[in-house]
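What follows is a single structure, written as structure tokens, with notes after it.
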Amino acid sequence: MLSSANLNIEGALISLVLMLFFGSGILYTILALIVNTIQNKPKKSTYYFVSFLISGIVGLFVSAVILIIVWTKTEI
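Using this note's numbering, you'd call the opening residue of the sequence shown number 1338 and step up by one each time.
Structure, rendered in structure tokens:
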């Protein structure tokens, strides 16, 4: 009976990493697009693609650091 309640931790972890990467990447890219549009500074699409990748990686790094800080502060 317990085998039917299989937890897919790896799948959940991969989904979490993808959501954090794409979420932070899309959020920063949209904000940069809005700011550059308001300031009338047209940029090429490669600028937005590179900013998407960099902000996604930074978002993952910040999330990992926060997780490590929270994990080490908890006392069992």
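Glycine residues also receive a C-beta, built at the ideal position from the N, C-alpha and C atoms.
By the criterion of a C-beta distance shorter than 7 Å, PHE1398 is surrounded by no residue of its chain, once the five residues flanking it on both sides are discounted. Cβ contact annotation for LEU1357 (same chain, cutoff 6 Å, sequence separation greater than five): GLY1396, LEU1397, SER1400, in chain order.
Contact annotation: GLY1348 and GLY1393 have beta-carbon atoms that are not nearer than 9 Å. The alpha-carbon separation between TRP1408 and VAL1402 amounts to approximately 10 Å. Annotation for ALA1369: SER1388 place their beta carbon closer than 6 Å to its own, counting only its chain and skipping 5 residues before and after.
A check of alpha carbon separations from ILE1391 across ILE1351, LEU1364, GLN1376 identifies LEU1364 as the nearest. The residue from VAL1372, GLN1376, LEU1404 with its alpha-carbon nearest to that of VAL1354 is LEU1404.
Excluding five sequence positions before and after PHE1386, none of the CB atoms of its chain fall closer than 7 Å to its own CB.
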